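Worksheet: the structure to be examined is printed underneath.
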Amino acid sequence: MRVVKSLSLIAIGLGAVSAPTLVQAENLSADCSLSKAVVYKNRAMLSCKAQAYVPAGKHQIQVRDLSLSILPDSLRVEGQGEKDVVIGALRHKQVNNAQLVNEQEANLSKQIEEVDDKLRWVQAEIGVISKQKSFYESLMGQAKTNAQEEISIYEFNTEKWLDAGQALRGAMSQLEKSRLNYESNLKDLSDEKSKLTKDLAQIRTGTKSSYEVSVPVETEAAGLVELTLSYQINGASWSPVYDARLDTKTGALEIIQYGSVTQNTGENWEGIDLTLSTAQPQRGATVPKLSPMWVNLRSSPKPSIFGNTRGSSGDTGVVSLKAADFSTDEASTPSPAYIRKEMKQREAQIDASGFVVEYIIPGESSVASDGSESKLYIGKFAHETVLKTHIKPQVTDKAYLVAHGEIKGEATLLSGPVNLFRDNAFIGRTHFAMLNPGQEVELSFGINDQIEVDRKLVKDELSESGVFIGSQVNERAYLTSVKNLRNQPVSIVLDEVVPAPQDKKIEFEILADATSAGYEKDADKFSGLLRWEFDLEPNKDQDVELSWRIKWPEDDLLVGLR
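First residue of the sequence shown: 1125, per the working numbering; consecutive thereafter.
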């Protein structure tokens, strides 16, 4: 069911001159339904379509019940008709509206009214029971008086009074049971109303006013007119979410992008065309202005014999330069069914021809106006991927499986959370920074248990050197053994960090004759990071040797060595 707003067409008379062809003014109704939404980072552009049969002449089409969350300055209208139609400048105003905007809010309010009716009925029944009880109690009082009178004149009929007493007890007992039953119902209804009231308070929009838009139209002949009203509205947003799925048997990696859409605009979006845009209209469009940087000279204060160089006003004579403010106000302006054939999802069309990227979701989409998350499929990112096993033996003896990929295509990979799946098992979450086509991405998929790592400290000697100026020398040697237990070759990346001196008095050298060749120095522009990369065949092992020497003055304390 689509959300429909009410429209009315108000005809305006053309005057006495055109009296022979004048159409009598009447209220015409039409339906305006939400047809399209373009969602931005913190708002959305909605489009509403309406059709109305318009008599010849000048008229006004009024669109009512627009949310107060819309941005009035963003309102615009387009139209077409069976006949030539001229559309004038639209107008808008805020009007009071007793109708609840949120459908769920209206339903809860109706349920509370129904519970109130039940409460009043139960309370009335309890009141009737109370009056009946008082009546029976008065009968019992009167019966007691009559019984005493009969006893006094020796006319007391025992059987009659026993039957009467039994009848009263039965009636009182039935009343008490009814009272307890109604009071139990009263408590249940009160609890139900309390819950409904609490639920209503959580979703209440807090306003019962709305915008009304008037669109002047003029046509020479009667015919059907179709209008498209567009406007921006707060209370909607979207953000990218990714699934990274790795098949360790084949090495295939899928990067799937979704759009997480939420909205609380006051109306459900049902069966609409949905587009997710990277544009940020809230950032504004005005280029910041520069202000002159005026500089001048003033006489330096003369030294005082009392040692006070400040003037009477406390001025130190320092010129202060105030930087121009270039800041901009950023804030203002979601168990698969088992099927026989693989289900294919239609990917979103990606329009990256302009300065922003738009993801056009295929088919019709629906998003509830309750703040819940709707996870919409966008598509898969094209990439080239290589699996490597990363080893950092200084920190751990575990080996980690890492996918190295290069983003292909034309669209930018936006910043967002990434759900990691290894052989269909969820193993954790990471985060993507914004990546452009051609940039590389690394995703870690946990420990590779089929790689054994063993690191040993072979040598750690501390000595002194020098005749006139003494120095301390520390020489170390390490041996790291890597073994591949898999039945397939693996690519190994082994990282070691060596000392990186920040003082010229510290001398450091890698001992080439005791260090495995083929390493990259200062890898990833990381000072002191050595990296070896090699392929390891199945059930084979390889040793990586590292030996270095560091020297510093004996009178100084070396810090940072570990």
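Think of the CB as a built atom: it goes at the ideal place given N, C-alpha and C, for glycine as much as any other residue. Predicted, not measured: the structure shown is a model, and the values here were computed from it.
Paired residues, beta bridge with R1188 - DSSP: In the DSSP output, where bridge partners are listed per residue, R1188 has none listed.
Nearest to T1520 (by Cα), restricted to the options D1547, I1485, N1572: Nearest C-alpha to T1520: N1572.
Own chain partners of E1564 with C-beta closer than 6 Å, once the 5 adjacent residues on each side are dropped: The beta carbon of E1564 lies closer than 6 Å to those of E1530 in the same chain, with the five residues before and after it left out.
Beta-carbon gap between A1557 and K1532 smaller than 8 Å: Contact: no.
E1344, DSSP secondary structure in three states: For E1344, the three-state secondary structure derived from DSSP is coil.
For T1352 and Y1382, the rounded distance between their alpha carbons: The alpha-carbon atoms of Y1382 and T1352 are separated by roughly 29 Å.
4-residue-minimum alpha helix (DSSP H) runs that sit fully inside the stretch 1534-1584, ordered along the chain: The DSSP assignment places no complete run of the alpha helix (DSSP H) inside the stretch 1534-1584 (cut-off: 4 residues).
V1683 and R1655 closer than 8 Å at C-beta: It is not a contact, given that the beta carbons lie outside the stated cut-off.
Neighbourhood of S1539 by C-beta distance below 8 Å, restricted to the same chain and skipping five residues each side: P1364, H1555, F1556, A1557, M1558, listed in sequence order.
N-terminal and C-terminal residue of the beta strand (DSSP E) that Q1404 is part of: From DSSP, Q1404 is part of no beta strand (DSSP E); its letter is neither H nor E.
Residues of its chain near L1292, where Cβ-Cβ distance is below 8 Å and the 5 sequence neighbours each way are ignored: Here the set comprises Y1260, L1263, M1264, A1267.
Per DSSP, cross-strand counterpart(s) of D1665: For D1665, which the question treats as bridged, DSSP gives the partners K1607.
Beta carbon of W1676 nearer than 8 Å to that of K1629: Cβ distance < 8 Å, so W1676 and K1629 count as in contact.
Rounded straight-line distance, which links the Cα of K1373 to that of D1547: Cα atoms of D1547 and K1373: separation of roughly 8 Å, rounded to the nearest angstrom.
Beta-carbon contacts of E1631 that lie in its chain and below 6 Å, excluding the five residues immediately before and after: Setting aside the 5 residues that flank it on each side, E1631 is surrounded in the same chain by K1675, each with a C-beta closer than 6 Å to its C-beta; the list follows chain order.
For M1169, the three-state DSSP class (helix, strand or coil): It is a strand residue.
Residues near D1397 in its chain [Cβ-Cβ closer than 6 Å; skip 5 each side]: The beta carbon of D1397 sits closer than 6 Å to the beta carbons of K1160 from its chain, once the five residues preceding and following it are set aside; these are given in chain order.
Beta-bridge partners of L1377, as assigned by DSSP: Its beta-bridge partners are L1370.
Nearest residue (CA-CA) to L1320, options Q1235, V1480, P1179: Comparing Cα-Cα distances from L1320 to each of Q1235, V1480, P1179, the minimum goes to Q1235.
Status (buried if at least 16 other CB within 10 Å, exposed otherwise) for D1371: It is exposed - the Cβ of D1371 has fewer than 16 other Cβ atoms within 10 Å.
Beta-carbon spacing of L1170, I1379 below 8 Å: In this structure, L1170 keeps its C-beta atom at 8 Å or more from the C-beta atom of I1379.
Alpha-carbon spacing of A1647 relative to K1165, whole angstroms: Cα atoms of A1647 and K1165: separation of roughly 37 Å, rounded to the nearest angstrom.
Limits of the beta strand (DSSP E) - the one that P1196 falls within: Run containing P1196: 1194-1205, per the beta strand (DSSP E) assignment.
Local Cβ density within 10 Å of A1535, reported as buried at 16 or more and exposed below that: Counting Cβ neighbours within 10 Å, A1535 comes out buried, since at least 16 surround it.
S1640 and V1668 closer than 8 Å at C-beta: Cβ distance < 8 Å, so S1640 and V1668 count as in contact.
Three-state secondary structure (DSSP) of Q1290: In the structure shown, Q1290 sits in a helix (DSSP, three-state: H, G or I).
Beta-carbon spacing of L1653, D1680 below 8 Å: No, Cβ-Cβ distance for L1653 and D1680 is not below 8 Å.
For K1499, the first and last residue of its enclosing beta strand (DSSP E): Per DSSP, K1499 belongs to the beta strand (DSSP E) from 1498-1504.
I1253 in three-state terms, based on DSSP: It is helical.
Nonlocal neighbours in the same chain, by C-beta distance under 8 Å from L1581, ignoring five residues either side: Around L1581: R1600, A1601, Y1602.
Pair within 8 Å by beta-carbon distance, V1178 and V1349: Taking 8 Å as the Cβ cut-off, V1178 and V1349 qualify as a contacting pair.
CB of T1513 within 8 Å of CB of A1523, strictly: The criterion of a C-beta distance shorter than 8 Å is satisfied by T1513 and A1523.
Span separating the alpha-carbon of E1493 from that of M1296: One detail in the question is off: residue 1493 reads as Ser in this sequence, not Glu. Take the alpha-carbon of S1493 and the one of M1296: they are about 54 Å apart.
Unbroken beta strand (DSSP E) run spanning Q1518, endpoints: Run containing Q1518: none; DSSP gives neither H nor E here.
Nearest neighbour of T1386, chosen from G1570, E1497, K1257 [CA to CA]: For T1386, the nearest C-alpha among the options comes from E1497.
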